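Following: one structure in structure tokens, then a few remarks.
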Amino acid sequence: MNYLNINDEKLLPTVVELNTLLADYHIYYQNLRNFHWNILGENFFELHEKFEELYIEARDKIDEIAERILTLRYHPMSNLKDYLKTSSIEEVSSKLTDVQMVKAILENHGVLLKQMSKVVKKAEETNDEGTIDLIGAYIRELEKSSWMLDAFTKETASQLNDSLV
1 MNYLNINDEK
11 LLPTVVELNT
21 LLADYHIYYQ
31 NLRNFHWNIL
41 GENFFELHEK
51 FEELYIEARD
61 KIDEIAERIL
71 TLRYHPMSNL
81 KDYLKTSSIE
91 EVSSKLTDVQ
101 MVKAILENHG
111 VLLKQMSKVV
121 KKAEETNDEG
131 TIDLIGAYIR
141 ELEKSSWMLD
151 AFTKETASQL
161 NDSLV
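Following full-length UniProt numbering, the numbering of the sequence shown begins with 1 at its first residue and continues without gaps.
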């Protein structure tokens, strides 16, 4: 038992999933830096700024996830070799169009959201409210960001689902 009032061994599955999320976020972060540095074309100014905003948010989440793992009294993963081995997100080419870059980010978001759901599921099993609260906020933020990026990839004439309107 510890200051969290949760048995350390029961926290291990949550920590494993948090470390996987940490690895995913590191590769996602590097993909964003890659796009920030290599964006070309008519959307340069808008996307250069957006990619920077996203990688700053990712950097902050990387630190928060690592600190949550430490709060749970485990060591966070901290080697690039381990991130590359563990992450479900892959490094991407810098030679993509603006729309391909945004679509790659959306694919990364899908992986992150799936991993976040795994973290929440494991945290629920041990009543780890701190982790649930942290990741729940991340899910909400990433879903909103994904909606906005997805809108960028659409044609102006595209419509949303209006079956309830």
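Here a beta-carbon is modelled for each residue, glycine too, at the ideal position from N, C-alpha and C.
Note that this is a predicted model, so its numbers are computed, not measured.
- Burial check for residue 56: the Cβ neighbour count within 10 Å stays below 16, so the residue is exposed.
- Look at the segment 85 to 158 and you find these whole runs of alpha helix (DSSP H), each 4 residues long or longer: 98 to 125, 129 to 153.
- Looking from the CA of residue 75, the closest CA among 65, 113, 111 belongs to 65.
- Taking the Cα positions, residue 63 is about 13 angstroms away from residue 135.
- Secondary structure at residue 73: coil, using DSSP grouped into helix, strand and coil.
- Cβ-Cβ distances below 6 angstroms link residue 152 to 102 in the same chain, with the five nearest sequence neighbours on each side left out; the list follows chain order.
- When 38, 61, 148 are compared, the shortest CA-CA separation from residue 19 is found for 61.
- Excluding sequence positions up to five before and after residue 52, its CB lies within less than 6 angstroms of the CB of 36, all in the same chain and listed in chain order.
- Counting C-beta atoms within 10 angstroms of its own C-beta, residue 137 has fewer than 16 neighbours from the protein chains shown and is therefore classed as exposed.
- Proximity to residue 82 across 21, 14, 162 peaks at 21, based on C-alpha coordinates.
- Within 10 angstroms of the beta-carbon of residue 98 lie 16 or more other beta-carbons, which makes it buried.
- In this structure, residue 34 sits near residue 94, with a CB-CB distance shorter than 7 angstroms.
- For residue 42, the three-state secondary structure derived from DSSP is coil.
- Residue environment for residue 108: buried (at least 16 other C-beta atoms within 10 angstroms of its C-beta).
- Taking residue 86 as reference, the option from 104, 27, 124 with the minimal CA-CA separation is 27.
- Spanning the alpha carbons of residue 162 and residue 46 requires a straight line of approximately 29 angstroms.
- Residues 11, 15 of the same chain have their beta carbon placed closer than 6 angstroms to that of residue 72, with the five preceding and five following residues left out of the count.
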